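Residue numbers (this note's numbering): 1482 to 2167.
Report on the following structure.
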């Protein structure tokens, strides 16, 4: 059935990545008029706000607007409301009584007047539990008030007339236009978009950055789930449903767009915005080829080694580099899958098999497995803990299944994956949805982080989403819904604990919680415990938080402004920590001098990591700063080229001040993450 009406949410769907919004505009206008469906923006914004947004952004002009979470339908060409729909809203609606009931919730804060109107009463209600929303619905029923309760994004509470939601309004509009529900295509990213997807017979696009609440609500519908974010994901879905023939590629000379944040424009005023030269493109293609060569050096019978066995001399405690690591190997898998080579795909599978085959009886994924002996090690130097191997393994396994579609492999290993996530769940020893990490118990294995550590909590969130999606793929929808709901709780806890605000913290007793009311921050904190917190910026943790959908676009911009402003990407992208910990600092540990690794500006204490630099490129690109991302990718390539003995060593890390490469040569994740960044920017070998 041809698509006659396309309805999409705006914020987080068509908006949120300015360059892809501009690309959507170009693609939409290029569809022949006789094939182009009617276009409807279905948004929680009010009419005037939406009209202003269309004027100031790269959105193509629509035919219709559904605004205020389904309370108004606006005819864009005629510049008028559909009065017939407005009359439907009046029946049984009592806004005054609605406000009386919601005002009894102690944590509910009325949203600004620009978000309110006669048929929409809106509050902020941070981190509300499902039981709270259900109790509110019961109160309306008991009071005889026909009303809908719509809760989305872990914050936004909208109370609407019974007919009003995005789905009902869209269904009404389709019938009004004589369009069948099987001729509808919808796209969205959050819980208040769910009703659109529930229209019987409609087809749906769920973008990669969608909230778990939307994924959970649509598990049984067979919607298209994009691999890319925002408008890019929408375009991916349009190809899937045959609305356009091929996925468009970005013009590397740059795309003009209106949406760049004025503050970001000023911040980047000294940065090039003239696209990429042919010489630079050739250089990046060369670098991509060198990354392929470097990663190939890490192929072993057991999977990806941490670094090339032939090009590194192991001595003392660093003999464990010559292993398949739970962390390094899993990260290498995710980049290798983008290389388009069956040899890498086979090695990726062997990596996952090796780690799962050596899982402990209780479900712990080994820290590493020695390639020469096949002996697993479940700890680090001196017997320190290793928590994050299982987190990365589950995330990488999901990416492998998504890329290969090997359902038989998933079903064969699903029991082991369940055991692994059960082991991880046991580290939530106070049932607050976050896991507790022993000191130096993750990738910073000689650095003093402990308890609730940002990096680990972000991975814990992504791990639960990934496992939920694996269960969905395996056909276990009920269990999948459980993990997706739990991941939403984890995300709310991360944002509440790690992003301090000057707003008073309600209902908390921890000393650290009380201190949060003393000031704001511009990034997610590095660590929180019941007794204190660490105000340093874990650059890697904040990058992962945006790439893995913990941070939204607005908070990611704030974090970017801070990290760019203090020079986290100098002299090369990027240091893992800002500021560094010096001797005499309260955070200093005597063991930072072991092997002289964690001196200031070294290793985990503010060293530069090329694999994180590649993720930084993806972070910048996801902000919609494509040209900046390309220039940053060139700088990461220059770093990978430097080498200690020869060029293009893709070293493990570099000094945070001098930028000189250090650590092992031909590090697997330095190469694999560079490949992944190139792929996302559409740059590869000719």
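Backbone N, C-alpha and C define an ideal beta-carbon position, used for all residues, glycine too.
These numbers were taken from a predicted model, which means no experiment stands behind them.
Between which residues of its own chain and residue i is the CB-CB distance below 7 Å, once the five residues before and five after are set aside?
i            : result
residue 1715 : 1489, 1494, 1495, 1505, 1668, 1686, 1688
residue 1865 : 1921, 1922, 1926
residue 1928 : 1921, 2079, 2085, 2086
residue 1910 : 1917
Just list the residues that DSSP pairs residue i with in beta bridges.
i            : result
residue 1684 : 1666
residue 1556 : 1545, 1561
residue 2102 : Answer by DSSP bridge pairing: none, since residue 2102 is not bridged.
residue 1620 : Beta-bridge pairing links residue 1620 to no other residue.
residue 2135 : 2089, 2142
residue 1788 : 2148
Under 8 Å Cβ to Cβ from residue i, same chain only, skipping five residues before and after it: list those, please.
i            : result
residue 1734 : Reliability fails at residue 1734, whose pLDDT of 46 lies under 50, so the model's placement of it is uncertain and no value is given.
residue 2141 : 2123, 2135
residue 2059 : 2017, 2018, 2020, 2044, 2047, 2049, 2087
residue 1993 : Unreliable positioning characterises residue 1993 in this predicted model, as indicated by a pLDDT of 45, which lies under 50. A coordinate reading is not provided.
Which residues mark the beginning and the end of the beta strand (DSSP E) in which residue i is found?
i            : result
residue 1521 : 1519 to 1523
residue 2069 : Segment: none, residue 2069 is in no beta strand (DSSP E) and carries neither H nor E.
residue 1603 : 1602 to 1605
residue 2006 : 2006 to 2009
residue 1629 : 1629 to 1633
residue 1850 : 1849 to 1851
residue 1639 : 1637 to 1641
residue 1509 : Note, residue 1509: premise wrong, no beta strand (DSSP E); alpha helix (DSSP H) at 1499 to 1511.
residue 2129 : Counting along the chain, residue 2129 falls outside any beta strand (DSSP E), and DSSP gives it neither H nor E.
residue 2017 : 2014 to 2019
residue 1806 : 1804 to 1806
Going by CA-CA distance only, name the one from the options that's closest to residue i.
i            : options                : result
residue 1673 : 2143, 1958, 1696       : 1696
residue 2133 : 1876, 1961, 2147       : 2147
residue 2157 : 2100, 1704, 1541       : 2100
residue 2042 : 2053, 2020, 2031       : 2020
residue 1966 : 1978, 1979, 1949, 1981 : 1949
residue 2105 : 2055, 2027, 1926       : 2027
residue 1628 : 2035, 1612, 1619, 1634 : 1619
residue 1784 : 1800, 1810, 1763       : 1810
residue 1747 : 2046, 1981, 2140       : 2046
residue 1764 : 2154, 2137, 2120       : 2120
residue 1572 : 1507, 1905, 1626       : 1626
residue 1515 : 1801, 1724, 1953, 1678 : 1724
residue 1855 : 1844, 1840, 1862, 1778 : 1840
residue 1430 : 1563, 1640, 2023, 1610 : Limits of the chain in this structure are 1482 at one end and 2167 at the other, which puts residue 1430 out of reach.
residue 2126 : 1602, 1607, 1794, 1805 : 1794
residue 1728 : 1804, 1509, 2113       : 1509
residue 2003 : 1772, 2039, 2035, 1972 : 2039
residue 1529 : 1560, 1833, 1541       : 1560
residue 2031 : 1869, 1833, 1782, 1973 : 1973
Keeping to the same chain, check which residues put their C-beta closer than 6 Å to that of residue i; ignore five residues upstream and five downstream.
i            : result
residue 1591 : 1604
residue 1991 : With a pLDDT of 46 at residue 1991, under the threshold of 50, the modelled position of that residue is not reliable, and the figure given next carries that caveat. Here the set comprises 2011.
residue 2033 : none
residue 1885 : none
residue 1812 : 2150
residue 1691 : 1670
residue 1712 : 1495, 1501, 1502, 1505
residue 1558 : none
Cβ atoms of residue j and residue i: under 8 Å apart, would you say?
i            : j            : result
residue 1632 : residue 1549 : no
residue 1970 : residue 1914 : yes
residue 1655 : residue 1665 : yes
residue 2152 : residue 1775 : yes
residue 1968 : residue 1945 : yes
residue 1935 : residue 1873 : no
residue 1543 : residue 1520 : yes
residue 1848 : residue 1829 : no
residue 2025 : residue 2014 : no
residue 1788 : residue 2145 : yes
residue 2137 : residue 2082 : yes
residue 2053 : residue 2116 : yes
residue 2095 : residue 2155 : yes
Taking the alpha helix (DSSP H) that residue i falls in, what are its first and last residues?
i            : result
residue 1487 : From DSSP, residue 1487 is part of no alpha helix (DSSP H) but of the beta strand (DSSP E) over 1486 to 1489.
residue 1968 : 1958 to 1979
residue 1941 : 1935 to 1954
residue 2041 : 2034 to 2046
residue 1653 : 1647 to 1658
residue 1904 : 1888 to 1906
residue 2112 : 2107 to 2123
residue 1875 : 1869 to 1885
residue 1576 : 1576 to 1583
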